[in-house]
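Each step along the sequence shown adds one to the number in the numbering used here, with nothing skipped, and position 47 is 49.
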Amino acid sequence: MQTASKPIEQINMAAASDIGTERDENEDCYFFSVSRKFFIVCDGMGGHEKGALASKIAGATLRDLIFASETLRNIVIEKSFLDISRICQDINPELPIQALKLISGIRLANRRILSYSRYNPRKKKMGTTVAAAVVQQDRVFIAHVGDSRVYRLRHGKLSCLTTDHSWLNELLEDEDITQKQAVRFREKNVLTRALGIAPTIKVDLQIAAVEPGDLYLLCSDGLSNALTNATIEEILSGFHDSLQTKITDLVSQAKFRDGTDNITGGVMQVPHQWPNGTTAAEKYVFNEEPKEVTEYLEYCIKSIFPKTTSASYRRKKTVILFILLISICLLIGLLLVRVIGLTTLY
């Protein structure tokens, strides 16, 4: 099991990840920074190293944007300039910069994964979920796509702050099935949203007040599917346990009780002397980006991340065309030899 912990004077963070008992590789990944107060969990899909690559692309893209300077324009990524205001031109520019960074990062990551699949045939049909949280002063910004979740433990009570983008959840929301039927539902892992599947992506974002002592858990479905809310609440509420012990225990318990999937979790602990937030909760659903944004994202992919796109594809295309040309020449040669032979006979 991989573990990581970085305690600081303000927000403490810890993470753990396990391959589980049945998978050949761990397609989950996580990134966090105590200095920038953010945590990202991604759950890749596709198998054969594709899901692992997709989750790493998504996490790294979001990380780079969050680490970038506090400005909308001329953000430096991979030694190139990126304009967040153009990626979010269909979104209210009055939203805080951290919210716009999360949306931009998810949109850009979606295009990067899709482009990688397009130009690398062996990497087709790869995708990933993402759950990300950034704490800034007395507010937390949360964005997610798919069924990776964000929980909050406040005053000993656990709440799930995100809604799974899954077929099962849509059936429950539409009251097509009951909660009892949902327990026996066999298609729990069928997602209605994921990065890298379509050219545009729909993103959920929320902004909420932070209270002293809040504890946030971000996790892949390998953890949330294996453990009940009561079990998660009990482990996170352990008064004498360190943050690393809590997340390691959660992952270990999930592996023991199920283990059929990769299991990843990360926790962020707000200290008790933190300022009490008073901001009213805000929730947004940003629909698929318009054509102008899609075109700019495609430009960014080609100019900032050229290795993701046409370089390898052009090489493969050149080889294929060369082989095809040789084959045609050989075919023409054989036909000429046959014609000349027939002419000689007559």
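We put the beta carbon where it would ideally sit given N, CA and C, even for glycine. Quick caveat, the model's predicted, so the values are computed rather than measured.
#1: Using three-state DSSP, classify G53 as helix, strand or coil.
#2: Can you tell me whether E96 is buried or exposed, with buried defined as 16 or more other CB within 10 angstroms of its CB?
#3: Roughly how many whole angstroms lie between the Cα atoms of E290 and I179?
#4: According to DSSP, what are the bridge partners of S19?
#5: Nearest-angstrom Cα distance between G224 and L333?
#6: In chain order, which continuous runs of the beta strand (DSSP E) of length 3 or greater are located wholly inside the stretch 147 to 171?
#7: Within the same chain, show all residues whose beta-carbon is closer than 6 Å to that of S19, passing over the 5 residues directly before and after it, in chain order.
#8: Are there three or more Cβ pairs, one per stretch, closer than 8 Å when the stretch 251 to 270 is compared with the stretch 166 to 180?
#9: Are the CB atoms of I237 and S226 within a distance shorter than 9 Å?
#10: Per the contact definition of three or more C-beta pairs closer than 8 Å, is the stretch 46 to 56 in contact with the stretch 275 to 284?
#11: Give me the DSSP bridge partner(s) of K285.
#12: Please tell me whether V142 and I68 are closer than 9 Å, where the distance is taken between their beta carbons.
#13: Sorted by chain position, which residues of the same chain lie with C-beta nearer than 6 Å to F187's C-beta, five sequence neighbours on each side aside?
#14: Report all residues from its chain with a CB closer than 6 Å to the CB of D166; omit the five preceding and five following residues, and keep chain order.
#15: With a 10 Å radius around its C-beta and 16 neighbouring C-beta atoms as the bar for buried, classify N383 as buried or exposed.
#16: If you draw a straight line from the alpha carbon of K319 to that of L104, how long is it in whole angstroms?
#17: Between the stretch 51 to 70 and the stretch 123 to 139, do at least 3 Cβ pairs fall closer than 8 Å?
#18: From the DSSP output, read off the bridge partner residues of L220.
#19: Suppose you measure from the CA of T296 to the CA of G261; what does that come to, to the nearest Å?
#20: Check Q12 in the structure and name its three-state DSSP category.
#21: Suppose the cutoff is 7 Å on Cβ atoms and the five residues either side in sequence are ignored; what does the same chain contact list for R259 look like?
#22: Tell me whether N112 is buried or exposed, calling it buried when 16 or more other Cβ atoms sit within 10 Å of its Cβ.
#23: Three or more C-beta pairs closer than 8 Å, one from the stretch 152 to 161 and one from the stretch 85 to 92: is that the case here?
#24: Considering only the alpha carbon of each residue, which of H274, I306 and I108 lies closest to P201?
#25: Under 9 Å, do V152 and Y218 count as touching if we go by C-beta distance?
#26: Classify I93 as helix, strand or coil using the three-state DSSP reduction.
#27: Do the CB positions of P156 and D206 come within less than 9 Å of each other?
#28: DSSP on T130, reduced to helix/strand/coil?
#29: Using three-state DSSP, classify I240 as helix, strand or coil.
#30: What do you get for N28, buried or exposed, if any count of 16 or more other CB atoms within 10 angstroms of its CB means buried?
#31: Report the CB separation of I59 from I115 in whole angstroms; it is logged as a contact under 8 Å.
#32: From the DSSP output, in three-state form, read off L333 for me.
#33: So L64 packs on T130, CB below 8 Å; how close in whole Å?
#34: By Cβ distance below 7 Å, which residues in the same chain neighbour Q100 in space, the five residues on each side in sequence not counted?
#35: Kindly identify the DSSP beta-bridge partner or partners of L225.
In terms of the structure at hand:
#1: helix
#2: exposed
#3: 28 Å
#4: Q4 and T266
#5: 55 Å
#6: 151 to 156 and 159 to 162
#7: Q4, D30 and T266
#8: no
#9: no
#10: no
#11: Q208
#12: no
#13: L170
#14: D149
#15: No information on residue 383 is available, as it lies outside the stretch 3 to 348 that the chain covers here.
#16: Confidence in K319 is poor, its pLDDT being 49 and thus under 50, which makes the residue's placement too unreliable to answer from.
#17: yes
#18: V152 and G268
#19: 39 Å
#20: coil
#21: A228 and L229
#22: buried
#23: no
#24: I108
#25: yes
#26: coil
#27: Note that residue 156 corresponds to Arg in the displayed sequence, not to Pro. No, Cβ-Cβ distance for R156 and D206 is not below 9 Å.
#28: strand
#29: Ile is not the amino acid found at residue 240; the sequence shown has Gly there. Coil at G240, not helix or strand.
#30: buried
#31: 5 Å
#32: helix
#33: Not really, about 11 Å apart at Cβ, beyond 8 Å.
#34: V136, Q138 and F143
#35: None; L225 has no bridge partner.
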